[in-house]
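Start counting the sequence shown at 71; every next residue gets the next number (the working numbering). Just so it is clear, CB atoms sit at the ideal spot from N, CA and C, and this is done for glycine as well.
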Amino acid sequence: MDPANLTISPLRISTMVVTAHLGTTINLHKLLELFHERAIPLTWPGEGFLKVEYKPILHAKPDATPAELQKAKAKAKAQEKIIIGTCSRDELTKRKKSKNIFFNQSTLVVRRQYDTAKDGSPIYKEVNIKLFKNGGIQMTGIPSDTFAQETLQWLAKQLTLYSSPVLEGEAKPNRYSIQLINSDYQVNGNINREKLHEILINTYNLFSSFEATIYQGCDTKYYYNEAAPPDAVEGICPCGETLCVGNGDGTTLGQCKEITISPFHTGSIIITGARRFEQIYKAYVFINKILKAHSREIIKPFPETKVAKVSA
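In structure tokens form, the structure reads like this:
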């Protein structure tokens, strides 16, 4: 495809994971007991709590020996998980039971208004919220930073409206942090992943892998680091002879943030793993420069759809 004909869509944030703290501890057992007071049915046309899952509570002495701790964990795992309510995902899919056990934690599924349709009707979003006994929170299924912060404040208020206190102190949400940003966008043609993979490795020296039988995308690693020297090659770890593992925050040498860029044959491109919007945008601009520079080699226009003629 000629570069002049290449069209690249804007970057879309598909989902985010954020963490925060309520500023106080929470009585998870009390929340389970009183959940019905704030719960709404799935068909209710409004905001509210849809579902709660009560995970096993781990009872162990602070000075418990390893053997005593293991016994307490086994006892907690033997407890049956309590589920009240349902959510859209439950109705649409047959979810498998999770093998991971998080002690002293419950999971809420809430419905919040995210936007308004052209006809004025509300657009809702279901958010999965992990609540920890110490007041910690993890939210998934978040479409924007603003929505996440508004949902955090809304949750803190809702938890104060029960007939008996659920929170063991005043709610003062804090420690808000974005842990993961996933995004995607589209180009107007099919991508030759094999050729792109070769170019990424041989021309740009990037970490890239492509095994169509395992993963359909061209799995490419982009290393983000604000402290990279001026002569550093963009996208490559600049941390010297000892390469970092990419689990840092991307602000200092030795602490690169690894971001995954996955172009697919369909022209869809996924960018995941960022913790800040500037990180994901840098990766977006970077891969687009490569797509434009090599569009004649790697991008083929979508085949024209033939319309069948109807005989009279």
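Asked	Found
Contact set for residue 91: own chain, Cβ-Cβ below 6 Å, skip 5 residues either direction	205, 206, 244, 245
Within 8 Å, strictly: CB atoms of residue 73 and residue 362	yes
Cα-Cα separation between residue 287 and residue 332, rounded to whole angstroms	5 Å
Terminal residues of the beta strand (DSSP E) in which residue 277 lies	277-279
Under 8 Å between C-beta atoms of residue 121 and residue 197	no
8 Å contact criterion, which residue 369 and residue 261 should meet: CB distance rounded	6 Å
Cβ contact check for the stretch 233-243 and the stretch 309-324: 3 or more pairs under 8 Å	no
Cα-Cα separation between residue 373 and residue 311, rounded to whole angstroms	47 Å
Residues near residue 241 in its chain [Cβ-Cβ closer than 8 Å; skip 5 each side]	92, 93, 94, 226, 227, 229, 230
Identity of the residues DSSP links to residue 261 by a beta bridge	369
Residue 281 versus residue 265 - alpha carbon distance	13 Å
Proximity below 8 Å, CB of residue 152 to CB of residue 124	yes
Identified DSSP bridge partners for residue 303	Paired residue(s): none; residue 303 is not in a bridge.
Rounded distance between the beta-carbons of residue 88 and residue 248, thought under 8 Å	5 Å
Bounding residues of the beta strand (DSSP E) (the contiguous stretch that carries residue 332)	327-333
Residues near residue 78 by beta carbon distance below 6 Å, same chain, minus five either side	257, 358
Residue 298: CB within 7 Å of a non-hydrogen atom of the ligand MG	In the structure shown, the ligand MG is absent, as is every other ligand, since no ligand is present at all.
Opening and closing residue of the beta strand (DSSP E) in which residue 202 lies	192-202
Endpoints, the beta strand (DSSP E) within which residue 99 is located	Looking at the DSSP string, residue 99 is not in any beta strand (DSSP E); the run it does join, the alpha helix (DSSP H), is 98-104.
Residue 338 in three-state terms, based on DSSP	strand
C-beta atoms of residue 118 and residue 159 nearer than 8 Å	no
Backbone CA spacing between residue 302 and residue 75 [nearest angstrom]	31 Å
Per DSSP, cross-strand counterpart(s) of residue 78	257
Residue 273 versus residue 263: straight-line alpha-carbon distance, rounded	15 Å
Counted within 10 angstroms of its Cβ, other Cβ atoms place residue 353 as buried (16 or more) or exposed	buried
Selection from 283, 176, 291 that minimises the alpha carbon distance to residue 275	291
Unbroken alpha helix (DSSP H) run spanning residue 12, endpoints	The structure shown does not extend to residue 12, since the chain is modelled only from 71 through 382, so no value can be given for it.
Span separating the alpha-carbon of residue 337 from that of residue 203	44 Å
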